[in-house]
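Reviewing the structure listed below.
Chains as they are written, first to last, in my numbering: chain A, 1 to 288; chain B, 289 to 566.
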């Protein structure tokens, strides 16, 4: 960005400091203070209590379940994101915009409804409830339901990162590789994937962070069975409702750390993603 | 059909990629969502209407819509200031501040919920001062509003920021050279350019706030008729195994969300057209 010394863009100093102060106060009050509160209360009873809270068996089992749900949801949504981006960005077909809008649907739906729809499908009174019951398969109030709800809420993340980038990159490179005799898979691994790798990684990180932090949707399908169907956010809720605040904030602080790591990775990757995009303007510049 | 549907291309893999995408989308999203509509269709109209218009539910619409609107409006005002400061000014720690704007996206909602609650109870860091002037935030509708301001915070900033970066400096120079003062330049030249982005940010923050659950339920206290948000009513109905009731309320929310999604898409389409014309 070029420096602006021109008076036309320069706000009076008083206004400038005033606005900076307003912005900092607003963010301090709504963002920084809650974040500090999490860590302060997590450590209120000292490191020993902190360590005990995050290593007790129920906490550990909630960490395992959270990692399991994210570990299943992320790869599934990566495969979908790649397939959808390939179809949408590399080809012209009717109804493409409808498809793009439908991919975004899970963002528009309340997390609570995301849980509800699977209860309606697989719950005891649901469409497949009796059938599942006969075969002794549990989906709702069990791990599969948690995984399904997690997949739903993180559904658009990878596709959303890839589609605009691949659309902007166009199809010339792929077509050239094909003319030079590359097979379909070679095309994907050698040409497309290197061009999108940072955006893909960015999508994966957003998807994983949301998967581990999801509360509403998972809460509806989990049944809150301690040590069995509690993810980390649900474990936080239980501890909090039992007035075990220090322990609740201890587990919450792990999730807050995860959020900070996500933000750090986002900064780093945004810079890399710009490289994905700038490699492409270089090509366009050479053409034009 | 094949020719009319898709333009010819030498690239391979359209049908597997397209087929899998549509299959997975249907399996995870479309079929389960349709369950809400089909389930409602099997219930009687009278029962449906009685559920969605009962006093407790109507009170929750008022709270959810009112608090979401108020929070989105606050985010428009402060989001514009934050975006302006981040794009136009230089100050120490600016990159850190810029990064922190995304925290509400990244912080799990339950964590945000308990953190905000602990700040605003009468013994909390903020609540203990507010209580002296007679303002109670936690376990009141104001608490719901505070939580919704938090989760909607990034939307306006992130939709305005790129537009503000693209504002052509020559336009402001032109306005200034024609004798307009700073305020006139802002209100007549810059603000109209930002309006579509502000509207989009507002609609996105509002939509997110309507469906929000995790960050609200801790601070709201969930008192019937007073601080129960609509998503919470869906959960309590489900806990009582009242599937029909939960589904009826969910349908009302889904219709509202879809209407908002449509509005957001229209707004984005309009601002794109606006950008292309400029």
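No residue lacks a Cβ here, since even glycine has one placed at the ideal position from N, Cα and C. Please read all numbers here as calculations on a predicted model, not as lab measurements.
Put simply, the CB of residue 396 (chain B) is near chain A, with a gap under 7 Å to one of its CB atoms. Using a 10 angstroms sphere on the CB of residue 205 (chain A), the tally of other CB atoms reaches 16 or more, which defines it as buried.
For residue 338 (chain B), no pairing in a beta bridge is given by DSSP. The Cβ of residue 252 (chain A) sits closer than 7 Å to at least one Cβ of chain B. For the options A:213, A:165, A:174, A:241, the alpha carbon positioned closest to that of residue 273 (chain A) is the one of A:165. Among the residues of chain B, those whose CB is under 8 Å from the CB of residue 92 (chain A) are 294, 295, 297, following chain order. The C-beta distance from residue 401 (chain B) to residue 435 (chain B) rounds to 7 Å, short enough to fall under 8 Å. Contact between residue 217 (chain A) and residue 111 (chain A) holds: CB atoms are separated by about 4 Å, below the 8 Å threshold. Classified as exposed, residue 469 (chain B) has fewer than 16 neighbouring CB atoms from the shown chains inside 10 Å of its CB.
Here residue 305 (chain B) is near residue 86 (chain A), since their CB atoms are less than 7 Å apart. By the neighbour-count criterion, in which 16 or more other beta carbons inside 10 Å mark a residue as buried, residue 309 (chain B) falls on the buried side. Listed in chain order, the alpha helix (DSSP H) elements of length 4 or more contained wholly in the segment 373 to 405 of chain B are 382 to 388, 391 to 394. Under the Cβ criterion of 7 Å, residue 54 (chain A) is not counted among the residues facing chain B.
It is roughly 7 Å from the alpha-carbon of residue 313 (chain B) to the alpha-carbon of residue 103 (chain A). When only Cα atoms are considered, residue 497 (chain B) and residue 46 (chain A) end up about 36 Å apart.
Put simply, the backbone Cα of residue 92 (chain A) is about 43 Å away from that of residue 130 (chain A). Taking 7 Å as the cut-off between beta carbons, the residues of the segment 166 to 185 of chain A near chain B are 171, 174, 175, 178, 184, in sequence order.
Here residue 549 (chain B) really is in contact with residue 108 (chain A); their C-beta atoms are around 4 Å apart, less than 8 Å.
Linking residue 523 (chain B) to residue 375 (chain B) through their CA atoms gives a straight-line distance of about 42 Å. Scanning its chain for C-beta atoms nearer than 8 Å, with the 5 sequence neighbours on each side dropped, one finds around residue 116 (chain A) the residues 220, in chain order. According to the DSSP assignment, residue 454 (chain B) belongs to the alpha helix (DSSP H) that extends over 429 to 454.
A contact is defined here as three or more CB-CB pairs under 8 Å, and the segment 220 to 237 of chain A meets this definition with respect to the segment 245 to 252 of chain A. Using a C-beta cut-off of 8 Å, the segment 126 to 146 of chain A makes no contact with the segment 167 to 185 of chain A, since fewer than three inter-stretch Cβ pairs fall below that distance. At the C-beta level, residue 432 (chain B) and residue 508 (chain B) come within 7 Å of one another. Take residue 11 (chain A), set aside five residues on each side of it, and no residue of its chain has a beta-carbon closer than 7 Å to its own.
Between the alpha carbons of residue 71 (chain A) and residue 201 (chain A) lies a distance of about 15 Å. Among the residues of chain A, those whose CB is under 7 Å from the CB of residue 404 (chain B) are 34, following chain order.
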